[in-house]
Amino acid sequence: MDVKKIGMIGTGSMGGMMSLLFAEHGIHTHYYDPSKKNAEALQSHAKESKHEDKITQHDDHKSLCEALEDGDNPKVFMFSIPHGGPADDSIDALEPYLKPGDIIMDASNEHWKATERRQARLEPKGIHYIGMGVSGGYQSARHGPSISPGGSKEALDKVFPFLQKIACKDTKGRPCVAKLGPGGCGHYVKMIHNGIEHGMMTVLCEAWAIMNIGLGMDYEEIGAVFERWNGDKENPLRDNFLINIGADICRTKDEKGNYVLANVRDKVVQDVDNSEGTGTWSVQEGTRLHVPDPTIAVSHLFRVASADAARRQTVKKALEGKEVKPGRIEGVDNDKFMDDLYNAVYASFLICFIQGLHVLSKANEENDWKLDFADVLQLWRKGCIIQSDGVVDLLETVYRSREHDNDDLLGHKKIAGELAKTYPSLKTIVLKAIEFDLHAGALGASLEYYKYSGSTELPTQFQEAELDYFGAHVFDLKTAQPGKPVTGDHHFEWKPARGILETDD
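Last residue of the sequence shown: 505 (the numbering used here), numbering continuous.
The structure is reproduced here in structure tokens:
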């Protein structure tokens, strides 16, 4: 289907930039946004970019729908609005003017279950609802984002040429979009992307502080390190979006010549104020599906803890000078230590991907989405926040090999080999960070994840015995095969239960 005009609901930072992107591709964007600020910003951008003739504002849903009518051709809409109620409100407002065959693409960061609920509401009426993750921030929304659509085959087939046109292209010219599958899988994939993103960002901010506070490196020096890490085409952190923008952030100054970063408060509020739900949902899904994702989970909790700066200030005051203060690392060879830091970041980034993909694999099995994981990786080749070509190259090789297990990527020799090689460096960095009171929660979680994932002698042996002691929860024997994660067959009567008047005699 050739999409020549589209109805955009919501023109904030993402929706506004996508509207300009569509106009640049010759697609007339008719939009509705009750925010005067958003509308004025879009019209200003449209004038600056000379796309005014392709962008038209509407004051209500009725006139928007009338403008999209084109004979028997379906109307096509895109949502770029906050998650939750606003999408339901928008559907309520549009529904009187919708007809069978019309298509709504929800490009918001929406919960996948809400997407499936709306599909169940609209599909019996012949109206298609596509849950579609869009990644890359407002810059990518302007020149081509990574797109993860999920919905009915009929709907995906109709809009796919349009999505291929607007999606970011990787270094080989391939669009970073795929027809993922049915239901809410598109929003689920975007949710996992964001969970991986939060893990990687926390790892990187810990590495930044280790360099800045632990090694006394200034912003320019750290920027140069990030530039080398990202630009070395022979090493696994090549072409990494977060490292690349990290170099820019370290070097950017304001109009007075001061580093902008120096005055950024250490609080991440998007999770706590509920403007960003995907990180919370990722952690919830890992727990619900019984998939260990400690780096992602710890990273989320670190963000949450950072949000309430006032409470942290109160605690610091109560400690009366006894608060923990990160210090300068001593007794290391700086060149060797920087090599170790590189390897630690690489190992942790790889582990973030593995943890997120393991959660996605379980959800895929549960919902029978039949995801092609090579397609998922293609979405993340460019135009998204977790772009990391070296890591994705490795993972694609694993997924295309016959011996891989979607639920156990650590069990593949290529991945196991990479993590075994980087383990000493990761351990060194975590130990030094702990010794000098630097923050290393995400790096430490990655270290422990690697340690216990390949161990057959965990201290949970003792925990299992205690569970059997007080709860008769039964256990497996070491002399038997390890088996599946199901209830064991053995109970030992450690101490018989007695009544009030009974004795042990």
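Yeah, the Cβ is synthetic: ideal placement off N, Cα and C, and Gly gets one too.
### Task
Give the straight-line distance between the Cα atoms of H128 and G101, rounded to the nearest whole angstrom.
Going from the Cα of H128 to the Cα of G101 covers about 7 Å.
### Task
Could you say which of L319, K50, F241 lies nearest to C384 if we only look at CA atoms?
For the residues L319, K50, F241, the minimum Cα distance to C384 belongs to F241.
### Message
I'd like to check one pair, L360 with V189: are the Cβ atoms closer than 8 Å?
### Response
Their beta carbons are under 8 Å apart, which means V189 touches L360 by this criterion.
### Task
Output the boundary residues of the beta strand (DSSP E) element that contains H128.
First-last of the beta strand (DSSP E) with H128: 128–135.
### Query
According to the neighbour-count rule (16 or more other Cβ atoms, all chains shown, within 10 Å of its Cβ), is D70 buried or exposed?
With fewer than 16 Cβ atoms within 10 Å of its Cβ, D70 is classed as exposed.
### Task
Please confirm whether L21 and H193 have their CB atoms less than 8 Å apart.
No, the Cβ-Cβ distance between L21 and H193 is not below 8 Å.
### Query
Touching or not, the segment 479–486 and the segment 377–396, by the rule of three or more beta carbon pairs under 8 Å?
No, the segment 479–486 does not touch the segment 377–396.
### For T280, three-class secondary structure by DSSP
Looking at T280 - three-state DSSP - the assignment turns out to be helix.
### Message
For K62, report the span of its alpha helix (DSSP H) as first-last.
### Response
K62 -> alpha helix (DSSP H) spans 61–68.
### Message
Quick check on G12: does DSSP put it in helix, strand or coil?
### Response
Coil.
### Task
Using beta-carbon positions only, say whether S446 and S348 come within less than 8 Å of one another.
In contact: S446 and S348 (Cβ atoms closer than 8 Å).
### Query
Leaving out five residues before and five after A224 in sequence, what residues of the same chain have Cβ atoms less than 7 Å from its Cβ?
Cβ within range, chain order: n/a, list empty.
### Query
L42 and I55: beta carbons closer than 8 Å?
Contact: yes.
### Query
So, is I434 buried or exposed, given that buried needs 16 or more other C-beta atoms within 10 angstroms?
Around the Cβ of I434, a 10 Å sphere holds fewer than 16 other Cβ atoms; the residue is exposed.
### Query
Okay, do the segment 197–211 and the segment 336–354 touch, 3+ Cβ pairs below 8 Å being the bar?
Counting C-beta pairs with one atom in each stretch, the segment 197–211 and the segment 336–354 have three or more that are closer than 8 Å, which means they touch.
### Query
Taking the alpha-carbon positions, what's the H490 to F462 distance?
One Cα belongs to H490, the other to F462, and the distance between them is close to 15 Å.
### Task
Can you have a look at V139 and say buried or exposed, based on whether 16 or more other CB atoms are within 10 angstroms of its CB?
The sequence given here places Gln at residue 139; Val does not occur at that position. Here Q139 is exposed, its C-beta having fewer than 16 other C-beta atoms within 10 Å.
### Query
P510 and I103 look like a contact to me (Cβ under 8 Å); what is the Cβ gap, rounded to whole Å?
Outside the displayed range of the chain (1 to 505) lies residue 510, so it cannot be described from this structure.
### Task
Would you mind giving the Cβ-Cβ distance between T287 and G184, rounded to the nearest angstrom? I have them listed as a contact below 8 Å.
With a contact defined as Cβ atoms closer than 8 Å, T287 and G184 miss out at about 19 Å.
### Message
One question on the structure: do M132 and S282 come within less than 8 Å of each other, judged by their Cβ atoms?
### Response
Pairing M132 with S282 gives a Cβ-Cβ distance that is not under 8 Å.
### Query
Shortest alpha-carbon distance to R117 belongs to which of A141, A87, P145, N230?
When A141, A87, P145, N230 are compared, the shortest CA-CA separation from R117 is found for A87.
### Task
Would you mind giving the Cβ-Cβ distance between V260 and D254, rounded to the nearest angstrom? I have them listed as a contact below 8 Å.
Confirmed, about 5 Å.
### Query
For L215, which residues of its own chain have a beta-carbon under 7 Å away from its beta-carbon, when the five flanking residues on both sides are left out?
Only I329, N334 meet the Cβ criterion.
### Same chain, Cβ closer than 6 Å to G7, five either side skipped, listed in chain order
In chain order, H30, L64, L68, F77 place their CB closer than 6 Å to the CB of G7, counting only its own chain and leaving out the 5 sequence neighbours on each side.
### Task
Buried or exposed for A497, please, with buried defined as at least 16 other CB atoms from any protein chain shown within 10 angstroms of its CB.
Label assigned to A497: exposed.
### Message
By DSSP's criteria, M78 is part of a beta bridge. Which residues make up the other side?
### Response
M8, M105.
### Task
Below 6 Å CB to CB, which residues in the same chain sit around S299 once its five sequence neighbours on both sides are set aside?
Cβ neighbours of S299 beyond the five flanking positions: H198, G199, T202, A442.
### Buried versus exposed, by CB contacts within 10 Å (16 or more), Q119
In this structure Q119 is buried. Its beta-carbon is surrounded by 16 or more other beta-carbon atoms within 10 angstroms.
### Task
Go ahead and pull the three-state DSSP assignment for I27.
Looking at I27 - three-state DSSP - the assignment turns out to be coil, as it is neither helix nor strand.
### Where F160 falls: helix, strand or coil (DSSP)
Shown here, F160 sits in a helix according to DSSP, grouped into three states.
### Message
Could you compute how far the alpha carbon of I81 sits from the alpha carbon of E40?
### Response
Linking I81 to E40 through their CA atoms gives a straight-line distance of about 17 Å.
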